[in-house]
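Down below is the structure, laid out as structure tokens.
Chains as they are written, first to last, in my numbering: chain A, 1 to 249; chain B, 1001 to 1087; chain C, 2001 to 2499; chain D, 3001 to 3133.
Given below as structure tokens:
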């Protein structure tokens, strides 16, 4: 079985590597992929949305529909893990057979974490807010925010972290994020535009349509950050405790 | 032979074998915790590779998600199960 | 104004209702059910409105998301084919939602609201896959429906976790193949919009390109994995048969048919008839594979002792019908396959609902649980009977007409092996269902033949389960009776040019 | 002569080749490995290799990162030279793919933990053997 798989995989791999001779050269500026849509985005995106980071502009505006469902994917994963692992309180007593043991309190780790968490969160907020002008945006910022909570749970323990960031709050934020994203789309629909057409917000906010795109993107990035933060933390909670939220790593 | 003036293609040639070695190592190491850590290294090298190809946003995300959160999730799972693997 | 926004509302309403369930319906199971019902009704009415719009005007509806013109933004494109599929998917999701009232509380008592949220996400993912006109967007929605189905399937009976894990592995390979195939298309054309792609791919040097061919093969293999076509079907029966009742009612009919829709869309809207059948040379091979799928599916179904597993193998055989019909390279075969998407959703749904009701009442899914079914649960048994007749292909149920067109297509192109496979499968299905009917109706003795008359008391499933089941069964007859109407007004329009 | 064309082929396409080789490594891991966690690692390798493939598509020699230079001293909305910036579209697509990857990873790990709890092992052959008994 293993030999057969290896043989098939090598055969398929050799064929696929052979097909690369038909592909345009690596780094060719004139290749179809680098010239057609991409040229339009590079030339027009800044003019049409006033967002210099082209990746953010395309991600949150031109292909904003994709990004909404990407957020939904994250939300869905969080719910899926929760549905699969989490058990009601009564039954789980002997669920986790083997649990990593923690010995004593690590003062160095705890103090380092205490020093790091606040700057991490500040940096995450910067990444979210400054995503229009520099690399970053809702996902990256959200992941860093989530990671700061994971660090808290790793350095201290799960119980004390959960006292600060309650389980229900985590779920609420994850739903809220998607709702912010979809809500911005629905309001532009109500305002007479198409779904996710941020230009429709211009009249409501009293700004030009180009600026409305920029603000709309900021709004959806915040929504994305909420969901990603909550779900990253929730994934850690469930996977590290085996679903019973008693004790982490 | 036109290499389109890439500044860093030598760098590229250097990282790619390392990425492949990490990928193979992550699949062959028998200790699952080590395998997940090697997988974290793989993600990080991938992220370097993408930075070198100027995909800064993607590299940033991969540094946070791939090398960070996914590795933590895998370590969390590896600690919950028997650490030795048969292959 | 609302009707212009209908295409997006079809999938937006279930999505928003799913979110609302997570946010407000944590405590109340009734509220969760109420919200899911609202979501499905909203989605269904938007789908109806879209279908009417498409039927009235002959041009497809284009909906620009974010107001950006394609190919720069993403667009939804609704023509006759996907208007029909949207209608049937949202309709059957609505029926399943009504049906789930009783079963979910029994099977997943602790997480009803999460279950319904995942349900809504799955439905909006499937509807989004059908509505979208963008190749990459299709991948994202494919993953949403996949992820939510993993979660729903994992909460099943017995070894559900193991089979779901296998499904995750296989499903990810499929989705990644699809993504890689789209990458090959993107690298050669520079676009992701389906209409734009098809224009680019029509040029002669694209037809000769090895990487486009590779891309096509990767995409098709990816979609085949998702639908469980013959050599790639291993995960499907285990996974679907171990799922809970509502989950299998929702996923088994819809997932495979939506994948078939995706295959048709990619074959004929991104590539072209000429490319698929003339430039590539494996049309014959695919029809042979479809024949094997049909025969193997039917024989395996005959060997099963578990009702749900039996139905899963029937689903596999039906996938063979549709893939074969599309690849016959004939307009009648294609019409039969498209018509069969519609009828097959309804007949599998009807059968799974009936079996679900039996399981709900008896707690058992073996063939023996059907014993005395006509006395105990006459309504369920009637629905099961109609669904079974439709699978066999007895007129006037819709199964007969789809089979008729498929066979006509096979004869017209001279591919008699496909016709033989279809007839064989009908025969096997007849044996299968008459055996169950025999158990249910005539055989009221136990196996030793001592003639102990068991008393079968009337104990029918609740009305909330019976009503959707009966609507399903009735729709099988209605679709059958209005065949010519459906063919003239919908299916005729979907046949791609040049077939 | 033949060798030279081979080297030129490898250098101009080596990123694609590397991505495809990694895809095959990942796929081998997913199909042939016996340990379920190894399968999951293979899955992640597979997905990030596809991302490498896409990012390689978007690279443009002599270009810079896809953030328009703006601010003081730059005329706003001046004609932008597309050769100065790499292609942003594959980056956008792959951000989505990374997130999908971590979502799938989370669900797979959750099911894996559940399998370990039910069967006491995550070796596929041991699970199958325990089922036979």
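Where is the CB? At the ideal position from N, CA and C, for every residue including glycine.
Own chain partners of residue 2031 of chain C with C-beta closer than 6 Å, once the 5 adjacent residues on each side are dropped: 2025
Distance between residue 2107 of chain C and residue 2371 of chain C (C-alpha atoms, nearest Å): 23 Å
Exposure of residue 2319 of chain C, with buried meaning 16 or more beta-carbon neighbours within 10 Å: buried
Chain-ordered residues of the stretch 1017-1047 of chain B with a beta carbon less than 7 Å from chain A: none
Contact list for the stretch 2392-2421 of chain C against chain A, Cβ threshold 7 Å: none
Collapsed DSSP secondary structure at residue 2113 of chain C in the structure displayed: helix
Counterpart residues of residue 3064 of chain D in DSSP-defined beta bridges: D:3085
Interface residues of the stretch 1047-1080 of chain B facing chain A [CB-CB below 7 Å]: 1056, 1057, 1060, 1061, 1064, 1065, 1068, 1069, 1072, 1073, 1076, 1077, 1079 and 1080
Straight-line gap, residue 2448 of chain C to residue 2442 of chain C (C-alpha atoms, nearest Å): Confidence in residue 2448 of chain C is poor, its pLDDT being 49 and thus under 50, which makes the residue's placement too unreliable to answer from.
CB contact flag (residue 2458 of chain C, residue 2376 of chain C, <9 Å): yes
Endpoints, the alpha helix (DSSP H) within which residue 23 of chain A is located: Unbroken run through residue 23 of chain A: none, as it is neither H nor E.
Distance, residue 2207 of chain C Cα to residue 2281 of chain C Cα: 13 Å
Interface flag, residue 3016 of chain D vs chain B, CB-CB below 9 Å: no
Inter-stretch contact at 8 Å, needing at least 3 Cβ pairs: the stretch 2054-2069 of chain C / the stretch 2033-2044 of chain C: no
Contact set between residue 2165 of chain C and chain A, taken where Cβ atoms lie within less than 9 Å: Per Cβ cutoff of 9 Å: no residues; residue 2165 of chain C is ~11 Å from chain A at best.
Coil, strand or helix - residue 2330 of chain C by DSSP: coil
Backbone secondary structure at residue 2076 of chain C - three-state DSSP: strand
Beta-carbon proximity check, residue 2313 of chain C vs residue 2403 of chain C, cutoff 9 Å: no
C-beta contact flag for residue 2298 of chain C and residue 2428 of chain C at 9 Å: yes
Chain C residues whose Cβ lies nearer than 7 Å to that of residue 40 of chain A: 2072
Close beta carbons around residue 1038 of chain B, own chain, < 8 Å, minus the five adjacent residues each side: 1022, 1025, 1026 and 1029
Interface residues of chain B facing residue 150 of chain A [CB-CB closer than 9 Å]: 1068, 1069 and 1072
As assigned by DSSP and simplified to three states, the class of residue 3133 of chain D: coil
Three-way DSSP call (helix, strand, coil) for residue 2268 of chain C in this model: helix
Closer than 9 Å to chain C by CB, residue 3098 of chain D: no
Test item: CB-CB of residue 2167 of chain C and residue 2235 of chain C under 9 Å: yes
Contacts of residue 2180 of chain C in chain D (Cβ-Cβ under 8 Å): 3023, 3050 and 3053
Three-state class that DSSP yields for residue 2482 of chain C in the structure shown: coil
Beta carbon proximity, residue 1013 of chain B to chain D, threshold 9 Å: yes
Stretch pair the stretch 3012-3023 of chain D + the stretch 2476-2487 of chain C: three plus CB contacts closer than 8 Å: no
6 Å Cβ shell around residue 92 of chain A - same chain, five flanking residues per side excluded: Low local confidence applies: a pLDDT of 48 at residue 92 of chain A is under 50, so the model's placement there is unreliable, with the coordinate-based value given in what follows. If we look at residue 92 of chain A and ignore the five residues flanking it on each side, its Cβ neighbours are 244.
The beta strand (DSSP E) enclosing residue 2062 of chain C, as first and last residue numbers: 2061-2064
Cross-strand partners of residue 2132 of chain C (DSSP beta bridge): C:2076
Cβ neighbour criterion (16 or more within 10 Å) applied to residue 2075 of chain C: buried
Straight-line Cα distance separating residue 2253 of chain C from residue 10 of chain A: 36 Å
Buried or exposed by the 16-neighbour rule on C-beta atoms within 10 Å, applied to residue 1002 of chain B: The predicted position of residue 1002 of chain B is uncertain, since its pLDDT is 44 and thus under 50; no value can be drawn from it.
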